[in-house]
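J.:
Numbering (full-length UniProt numbering), first residue to last: 1 to 252.
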């Protein structure tokens, strides 16, 4: 049994003010998600874990790979295909972590960065934004991993992964996104959707982007209507924790 999992969360953005004030950073929000997911009987079957958080945008500080057992990349408002210095550094770090056989989890922007680091194509989706709670139709791999035919998840993106990296498997498809997740047993798991989002988080982002003129009235109203729907964030969170555990047990 793994005694301790040391998980580094690379924070690729800061939440908008209402979220930051009530829930903390995106790293804090993921900690809260995993604590809820691993409560009760599930907790008894998991090792203890220790989270460390790193601002890779402004501070650009990264953990030594020999000091961590796994890596999680958060979402971001930034473009994963941009050639900004901090994004290029992030891509190089993720590639190094993969080569060091550290299990990697990517969420939304993090999903795209993982794909880019593995040589896949990422870019802007011509169909536009995918926002709020919507259905993902799972592939056979996704069904096996999550134990369901489909997932209902919070979305907040207009950039996508366009090709599946060599060796990886696509987890699902939605009307606006043909690659909704990537999986490589014991090595990596990513999702385009946001398991850490809930009604409050999605609504706060919708309000901010509507006020900034990014989202139209129609998009804002439609997103608000669906933001309150039940979602499967806990299902994905459980699979993430299991990936970290399985990867460590495989190395014992």
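Here a beta-carbon is modelled for each residue, glycine too, at the ideal position from N, C-alpha and C.
#1: Could you check the C-alpha separation between residue 82 and residue 178 for me, to the nearest Å?
#2: Grab the span of the alpha helix (DSSP H) containing residue 209 for me, first residue to last.
#3: Out of 143, 199, 166, 196, which has the shortest C-alpha to C-alpha gap to residue 173?
#4: Which value, in whole angstroms, describes the spacing of the CA atoms of residue 176 and residue 50?
#5: Excluding the five sequence neighbours on either side, which residues of its own chain have a C-beta within less than 6 Å of the C-beta of residue 93, listed in chain order?
#6: Out of 32, 107, 213, 152, which has the shortest C-alpha to C-alpha gap to residue 181?
#7: Beta-carbon separation of residue 3 and residue 103 under 8 Å?
#8: Given residue 219, which residues of its chain have a CB within under 7 Å of its CB, disregarding the five upstream and five downstream residues?
#9: Among residues of its own chain, excluding the 5 on either side of residue 86, which ones have a beta-carbon nearer than 7 Å to its beta-carbon?
#10: Taking all protein chains shown into account, decide if residue 99 is buried (16 or more other Cβ within 10 angstroms of its Cβ) or exposed.
#11: Which same chain residues, not among the five before or five after residue 41, have their C-beta less than 6 Å away from its C-beta?
#12: Tell me which residues share the same chain as residue 53 and place their Cβ nearer than 7 Å to its Cβ, disregarding the 5 neighbours each side in the sequence.
#13: Which class does residue 41 belong to by DSSP, given the choice of helix, strand or coil?
#14: If you measure between the beta carbons of residue 23 and residue 29, is that distance less than 8 Å?
#15: Measure the C-alpha to C-alpha separation of residue 89 and residue 123 and round it to an integer number of angstroms.
T.: A quick look at the data gives this:
#1: Here residue 82 is taken as the residue at index 82 of the chain shown, counted from 1. Here residue 178 is taken as the residue at index 178 of the chain shown, counted from 1. Going by the C-alpha atoms only, they are around 21 Å apart.
#2: In the chain shown, counting from the first residue as 1, residue 209 sits at position 209. That run of the alpha helix (DSSP H) goes 199–211.
#3: Taking the chain shown and counting its residues from 1, one reaches residue 173 at position 173. Between residue 173 and the set 143, 199, 166, 196, the nearest pair of CA atoms involves 143.
#4: Taking the chain shown and counting its residues from 1, one reaches residue 176 at position 176. Taking the chain shown and counting its residues from 1, one reaches residue 50 at position 50. Taking the straight line from one Cα to the other gives about 36 Å.
#5: In the chain shown, counting from the first residue as 1, residue 93 sits at position 93. 62.
#6: In the chain shown, residue 181 corresponds to position 181, counting from 1. Comparing Cα-Cα distances from residue 181 to each of 32, 107, 213, 152, the minimum goes to 107.
#7: By 1-based counting over the chain shown, the position of residue 3 is 3. By 1-based counting over the chain shown, the position of residue 103 is 103. Annotated as distal: residue 3 and residue 103, with beta-carbon spacing of 8 Å or more.
#8: Sequence index remark: in the chain shown, residue 219 carries index 219 (1-based). The residues are 129, 131.
#9: As a working mapping, residue 86 is identified with position 86 in the chain shown. Excluding residues within five positions, the ones whose Cβ falls inside 7 Å are 56, 57, 60.
#10: As a first step, residue 99 is located in the chain shown; it is residue number 99 there, counting from the start. Looking at its Cβ environment, which holds fewer than 16 other Cβ atoms inside 10 Å, residue 99 is exposed.
#11: In the chain shown, residue 41 corresponds to position 41, counting from 1. Note that residue 41 scores a pLDDT of 48, beneath 50, so its modelled location is shaky and nothing firm can be said.
#12: The count along the chain shown starts at 1 and reaches residue 53 at position 53. Closer than 7 Å at the Cβ level, and outside the excluded window around residue 53, lie 9, 11, 25, 27.
#13: What you label residue 41 is simply residue 41 of the chain shown in a count that begins at 1. Since pLDDT at residue 41 reaches only 48, below the 50 mark, its modelled position is unreliable, and the value read off the structure follows with that caveat. Residue 41 falls in the helix class under three-state DSSP.
#14: Your numbering for residue 23 matches position 23 in the chain shown. Your numbering for residue 29 matches position 29 in the chain shown. In this structure, residue 29 lies closer than 8 Å to residue 23 by Cβ.
#15: Here residue 89 refers to the residue found at position 89 when the chain shown is read from its first residue. Here residue 123 refers to the residue found at position 123 when the chain shown is read from its first residue. Roughly 18 Å between the two C-alpha positions.
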